[in-house]
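Step one of this worksheet: look at the structure below.
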Amino acid sequence: MAWTNFGFWARSVPHRIRNIPWQSISSEAVGRCFLVAKFACFIHVTNNYVFGVALVHGPSMLPTLNLSGDVLLVDRVSTHLGNVSIGDVVLIQSPEDPKKIVTKRVTGLEGDSVTFLVNPVHGERSMPRTLVVPKDHVWVTGDNPLLSRDSRHFGSVPYALIKGKAFCRVWPPEGFGLLNKGG
357 MAWTNFGFWA RSVPHRIRNI PWQSISSEAV GRCFLVAKFA CFIHVTNNYV
407 FGVALVHGPS MLPTLNLSGD VLLVDRVSTH LGNVSIGDVV LIQSPEDPKK
457 IVTKRVTGLE GDSVTFLVNP VHGERSMPRT LVVPKDHVWV TGDNPLLSRD
507 SRHFGSVPYA LIKGKAFCRV WPPEGFGLLN KGG
């Protein structure tokens with residue numbers, strides 16, 4: 357009995373396949389693929405050119421930002437327009453390692469004189485240095501100078517390396533709110 361039923365089913369498969377509306381199924385699949393592609397493009401453009409989200413970790417911005425796990429909203433439009441001011445928390449492509457994005461605070465703009473202490477090496481005295489920030493550059497420092505690699509180490513940062521300006525912390529919930537410019 358079972359084999360007889362199987363034979364009937366096997367003979368009717370080609371007939372069943374012919375009756376499937378392949379054209380409408382394929383056009384529906386193509387339409388959905390285009391919808392997913394449009395959505396992916398929208399997310400890519402929005403994240404890279406309008407605003408995005410950044411996960412921050414490391415000690416250089418303590419106490420403003422936590423050691424790990426802070427999630428920030430990042431404005432990318434104003435940095436493309438060169439709208440950066442002293443006190444802004446920015447995400448920059450690291451001049452030392454281009455694969456890394458680091459978070460620092462802008463402490464000097466082009467034309468500003470900045471005085472800083474060069475970190476002492478092997479017990480040497482730390483000597484103050486004064487530099488003028490070049491045109492189309494900014495001076496960035498971490499809020500925790502003892503644990504930050506910043507412009508004191510790699511010099512001023514070209515505007516082109518600024519990837520966004522952080523304006524709001526969204527995680528953790530107890531730290532939710534706008535970032536202040538004071539540090």
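In the numbering used here, the protein residues as written are 357 to 539. Using N, Cα and C, we set each Cβ at its ideal position, and we do this for glycine too. As the structure is a prediction and not an experimental result, all values here were calculated from the model.
Simplified DSSP state of residue i, which is helix, strand or coil
{"i": "Met357", "result": "Any reading at Met357 must be qualified, since the residue scores a pLDDT of 49, below 50, and its modelled position is unreliable; no value is offered."}
{"i": "Pro484", "result": "strand"}
{"i": "Val401", "result": "helix"}
{"i": "Gly467", "result": "coil"}
{"i": "Val440", "result": "coil"}
{"i": "Phe523", "result": "strand"}
{"i": "Phe390", "result": "helix"}
{"i": "Leu534", "result": "strand"}
{"i": "Leu502", "result": "helix"}
{"i": "Val412", "result": "strand"}
{"i": "Val489", "result": "coil"}
{"i": "Ser383", "result": "helix"}
{"i": "Ser434", "result": "helix"}
{"i": "Val406", "result": "helix"}
{"i": "Ser424", "result": "strand"}
In DSSP terms, what residue i is bridged to
{"i": "Ile518", "result": "Ile448"}
{"i": "Arg461", "result": "Val445, Thr497"}
{"i": "Leu418", "result": "Answer by DSSP bridge pairing: none, since Leu418 is not bridged."}
7 angstroms Cβ cutoff met for residue i and residue j
{"i": "Thr486", "j": "Ser469", "result": "yes"}
{"i": "Val412", "j": "Leu423", "result": "no"}
{"i": "Val445", "j": "Leu535", "result": "yes"}
{"i": "Val494", "j": "Leu465", "result": "yes"}
{"i": "Ser512", "j": "Pro490", "result": "yes"}
{"i": "Val406", "j": "Arg432", "result": "yes"}
Nearest-angstrom Cβ-Cβ length linking residue i and residue j, presumed shorter than 8 angstroms
{"i": "Gly520", "j": "Gly408", "result": "6 angstroms"}
{"i": "Val440", "j": "Ile381", "result": "52 angstroms between Cβ atoms; not a contact."}
{"i": "Ala522", "j": "Leu418", "result": "Between Leu418 and Ala522 the Cβ distance is about 15 angstroms, and since that is not below 8 angstroms, they are no contact."}
{"i": "Asn500", "j": "Ser383", "result": "Asn500 to Ser383, Cβ: 58 angstroms. No contact."}
{"i": "Asp426", "j": "Gly531", "result": "7 angstroms"}
{"i": "Leu428", "j": "Arg525", "result": "6 angstroms"}
TODO: Examine the Cβ distances between the region 429–436 and the region 449–460 and report whether three or more of them are shorter than 8 angstroms.
DONE: The region 429–436 makes no contact with the region 449–460, as fewer than three CB pairs between them are under 8 angstroms.
- [ ] Give a yes or no on contact between the region 386–393 and the region 492–508, applying the rule of three or more CB pairs nearer than 8 angstroms.
- [x] Touching, no, given that fewer than three Cβ pairs across the two stretches are closer than 8 angstroms.
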